[in-house]
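Structure first, then comments.
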Amino acid sequence: MSTVSVVIPSYNRADLLPHAIQSVLDQSYTDLEIIVVDDGSTDHTRQVIQDITHPKVRYIYQENRGLSGARNTGIEVSRGEFIAFLDSDDIIYPNKLISQIQQFDKNPELGLVAGGYNHIDDYGRVLQELLPWNVWPQLDLDTWIKVCPVVPASVLVRRVWIEKVGHFDEKFRRVEDWDMWLRLAHAGCKMAWTQEIVCGYRLHTGQMVRDATSQKKGYIAVLDKFFTNPQSNNFHLPKSQIYAEAYLRGAYLEYKYSQLVEAKQDVAQAIQLYPNILKSKGDNVLRDLVALVTSPLISDPISHLEAVFANLPQTAEYVINRKKQTFTLAYEATFFRSYHRKEWRRTLESFFKVVVSKPSILLNKGVIVALVKACINLIRA
Numbered sequence: 025m026s027t028v029s030v031v032i033p034s035y036n037r038a039d040l041l042p043h044a045i046q047s048v049l050d051q052s053y054t055d056l057e058i059i060v061v062d063d064g065s066t067d068h069t070r071q072v073i074q075d076i077t078h079p080k081v082r083y084i085y086q087e088n089r090g091l092s093g094a095r096n097t098g099i100e101v102s103r104g105e106f107i108a109f110l111d112s113d114d115i116i117y118p119n120k121l122i123s124q125i126q127q128f129d130k131n132p133e134l135g136l137v138a139g140g141y142n143h144i145d146d147y148g149r150v151l152q153e154l155l156p157w158n159v160w161p162q163l164d165l166d167t168w169i170k171v172c173p174v175v176p177a178s179v180l181v182r183r184v185w186i187e188k189v190g191h192f193d194e195k196f197r198r199v200e201d202w203d204m205w206l207r208l209a210h211a212g213c214k215m216a217w218t219q220e221i222v223c224g225y226r227l228h229t230g231q232m233v234r235d236a237t238s239q240k241k242g243y244i245a246v247l248d249k250f251f252t253n254p255q256s257n258n259f260h261l262p263k264s265q266i267y268a269e270a271y272l273r274g275a276y277l278e279y280k281y282s283q284l285v286e287a288k289q290d291v292a293q294a295i296q297l298y299p300n301i302l303k304s305k306g307d308n309v310l311r312d313l314v315a316l317v318t319s320p321l322i323s324d325p326i327s328h329l330e331a332v333f334a335n336l337p338q339t340a341e342y343v344i345n346r347k348k349q350t351f352t353l354a355y356e357a358t359f360f361r362s363y364h365r366k367e368w369r370r371t372l373e374s375f376f377k378v379v380v381s382k383p384s385i386l387l388n389k390g391v392i393v394a395l396v397k398a399c400i401n402l403i404r405a
């Protein structure tokens with residue numbers, strides 16, 4: 025019996041599936057099995073798998089049941105004490121499993137261990153590092169009820185806990201992973217971070233036009249399900265605040281993908297449900313907006329932020345009154361993003377905007393070093 029079962033659901037990802045499988049075979053931890061569940065693919069996925077003859081790889085074909093259904097099939101046939109999930113367009117890094125297993129060995133009471141992750145592009149290049157523990161240090165119910173700070177590939181979970189709370193809910197076509205982790209936390213599963221980046225989560229160009237409103241509806245549906253449990257009604261946070269958080273999170277996605285009308289409506293809904301929702305977050309709400317517009321797939325963060333402010337409801341005074349502060353943060357974030365991307369001209373443009381709104385940045389040695397390097401590279405270009 026293998027210690028770890030890695031479940032890889034796949035639907036029409038024949039081009040990327042081999043990379044996902046190879047990333048598991050490259051693990052420094054070797055006591056594992058790989059279960060590939062082909063969820064009714066119509067491309068050449070079967071042929072790709074037949075070309076992989078490694079004894080650790082098992083292939084299962086089923087009629088299409090969606091991502092949750094494919095994961096559930098993998099769980100049912102798996103043999104490991106621990107289960108990892110890897111979507112077929114993502115990859116895990118060589119030390120993911122060993123670092124997480126070591127965490128379990130040190131803390132036998134843990135039921136789930138999660139790590140950080142990279143956003144990567146279609147070619148596997150790193151676009152952005154995500155270190156969620158800096159924002160959400162505790163993986164407890166108070167965190168999960170507000171946000172899902174992980175991606176599936178960043179998690180390793182004990183089988184016994186999945187058996188306790190049940191498999192993925194197949195009625196959810198989105199946010200099914202959040203529903204699972206939320207149920208685990210509510211059942212008392214102890215969780216912890218391994219503070220290292222363990223996987224690459226691929227951002228496809230086509231994701232820019234996905235329906236963020238459907239994602240928001242998924243958030244609400246998961247909360248509706250959560251509160252059907254009588255024990256959930258004793259949760260110490262007001263239900264209105266929890267739903268307001270979900271609407272606000274949905275609005276962030278809608279702003280990100282330029283669904284501006286829907287975003288404006290959802291911010292208004294969040295404020296109506298919990299009038300202090302923005303103020304309660306303090307400057308974090310400004311940082312959230314900056315993180316939103318500096319997402320790797322957004323080409324012009326400042327123009328995007330201008331569109332966000334032009335489509336805020338009047339009731340969002342807390343943010344509206346801090347427009348200058350938000351743009352200063354955005355200029356600074358764009359400066360560093362442009363520098364790391366080696367976009368030298370945009371680095372200089374962002375620098376001058378930062379200086380105008382925040383002259384004290386001239387005292388930051390790191391900024392000056394980056395500026396000099398940008399100037400040198402621009403001259404050489």
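Letter by letter, the sequence shown follows residues 25 to 405 of my numbering.
Heads up, the beta-carbon is just placed ideally off N, CA and C, and yes, glycines get one too.
Please read these numbers as outputs of a predicted model, since none were measured by experiment.
In the DSSP output, what is residue i paired with across the bridge?
{"i": "Glu-57", "result": "Ser-29"}
{"i": "Val-150", "result": "Ile-144"}
{"i": "Leu-180", "result": "Ala-108 and Val-137"}
{"i": "Arg-226", "result": "Ile-144"}
{"i": "Tyr-83", "result": "Val-60"}
{"i": "Ile-221", "result": "Gly-140"}
{"i": "Met-215", "result": "Leu-136"}
{"i": "Ser-34", "result": "Asp-62"}
With a threshold of 16 other CB atoms inside 10 Å of the CB of residue i, please say whether the residue is buried or exposed.
{"i": "Arg-365", "result": "exposed"}
{"i": "Val-30", "result": "buried"}
{"i": "Gln-51", "result": "buried"}
{"i": "Thr-97", "result": "buried"}
{"i": "Gly-212", "result": "exposed"}
{"i": "Leu-336", "result": "buried"}
{"i": "Ser-92", "result": "buried"}
{"i": "Val-75", "result": "Per the sequence shown, residue 75 should be read as Asp rather than Val. Asp-75 should be labelled exposed."}
{"i": "Ile-99", "result": "buried"}
{"i": "Ile-144", "result": "buried"}
{"i": "Gly-242", "result": "buried"}
{"i": "Leu-310", "result": "buried"}
{"i": "Val-396", "result": "exposed"}
{"i": "Lys-348", "result": "exposed"}
{"i": "Ile-400", "result": "exposed"}
{"i": "Leu-387", "result": "exposed"}
For residue i, which option in the options has the closest C-alpha, if you only look at C-alpha atoms?
{"i": "Tyr-141", "options": "Cys-223, Leu-284, Arg-207 and Ile-125", "result": "Cys-223"}
{"i": "Val-28", "options": "Tyr-281, Leu-110, Leu-395 and Val-378", "result": "Leu-110"}
{"i": "Ala-398", "options": "Lys-377, Ser-381 and Glu-373", "result": "Glu-373"}
{"i": "Val-393", "options": "Phe-375, Arg-311 and Arg-404", "result": "Phe-375"}
{"i": "Gln-219", "options": "Arg-183, Val-174 and Gly-190", "result": "Val-174"}
{"i": "Ala-357", "options": "Glu-341, Thr-339, Val-343 and Ile-385", "result": "Ile-385"}
{"i": "Tyr-225", "options": "Pro-320, Thr-237 and Thr-69", "result": "Pro-320"}
{"i": "His-78", "options": "Ser-102, Ile-59 and Arg-95", "result": "Ile-59"}
{"i": "Asp-39", "options": "Cys-172, Arg-311 and Arg-70", "result": "Arg-70"}
{"i": "Trp-217", "options": "Asp-201, Asn-131 and Arg-95", "result": "Asn-131"}
{"i": "Pro-408", "options": "Lys-170, Pro-156, Tyr-147 and Asp-146", "result": "With the chain covering 25 to 405 only, the question about residue 408 has no answer from this structure."}
{"i": "Lys-214", "options": "Ala-138, Leu-227, Ser-282 and Lys-288", "result": "Ala-138"}
{"i": "Gly-148", "options": "Val-314, Val-48 and His-43", "result": "His-43"}
{"i": "Leu-284", "options": "Tyr-298, Gln-296, Asn-257 and Ala-334", "result": "Ala-334"}
{"i": "Val-61", "options": "Ala-268, Ala-94 and Val-314", "result": "Ala-94"}
{"i": "Ile-122", "options": "Leu-56, Thr-371, Phe-359 and Tyr-355", "result": "Leu-56"}
{"i": "Ile-403", "options": "Arg-369, Gln-46 and Ile-73", "result": "Arg-369"}
{"i": "Gly-135", "options": "Pro-161, Glu-105 and Lys-120", "result": "Glu-105"}
Please report the residue range of the alpha helix (DSSP H) in which residue i lies.
{"i": "Val-309", "result": "308-317"}
{"i": "Tyr-276", "result": "263-280"}
{"i": "Gly-64", "result": "Element bounds for Gly-64: n/a, residue is neither H nor E."}
{"i": "Lys-288", "result": "284-297"}
{"i": "Tyr-117", "result": "That residue, Tyr-117, is in no alpha helix (DSSP H); it is neither H nor E in DSSP."}
{"i": "Asn-401", "result": "389-404"}
{"i": "Thr-167", "result": "165-168"}
{"i": "Ile-301", "result": "301-305"}
{"i": "Thr-350", "result": "347-364"}
{"i": "Trp-368", "result": "368-381"}
{"i": "Phe-250", "result": "236-250"}
{"i": "Asn-257", "result": "Taken as a continuous stretch (DSSP letters only), Asn-257 belongs to no alpha helix (DSSP H), as it is neither H nor E."}
{"i": "His-43", "result": "41-49"}
{"i": "Ser-327", "result": "325-334"}
{"i": "His-210", "result": "200-210"}
{"i": "His-321", "result": "Per the sequence presented here, residue 321 reads as Leu, with His not at that position. Neither: Leu-321 is in no alpha helix (DSSP H) and is coded neither H nor E."}
{"i": "Glu-341", "result": "341-344"}
{"i": "Glu-100", "result": "90-101"}
> Is the segment 54-71 in contact with the segment 150-170, if contact means three or more CB pairs nearer than 8 Å?
Replying inline: As far as the Cβ criterion goes, the segment 54-71 does not touch the segment 150-170, which means the pair count is below three.
>> Under 8 Å, with one C-beta from each stretch per pair, do the segment 112-123 and the segment 192-207 reach the 3-pair mark?
In response: no
> Do the segment 354-365 and the segment 330-340 touch if we need at least three Cβ pairs shorter than 8 Å?
Replying inline: Not touching, per the Cβ criterion.
> Contact between the segment 246-266 and the segment 203-221: three or more CB pairs below 8 Å?
Replying inline: yes
> Counting pairs of Cβ atoms below 8 Å between the segment 263-278 and the segment 119-136, do you hit three or more?
Replying inline: no
> Taking three-plus beta-carbon pairs below 8 Å as touching, is the segment 286-294 in contact with the segment 303-317?
Replying inline: no
>> Does the contact criterion of 3 or more C-beta pairs under 8 Å hold for the segment 81-96 versus the segment 32-52?
In response: yes
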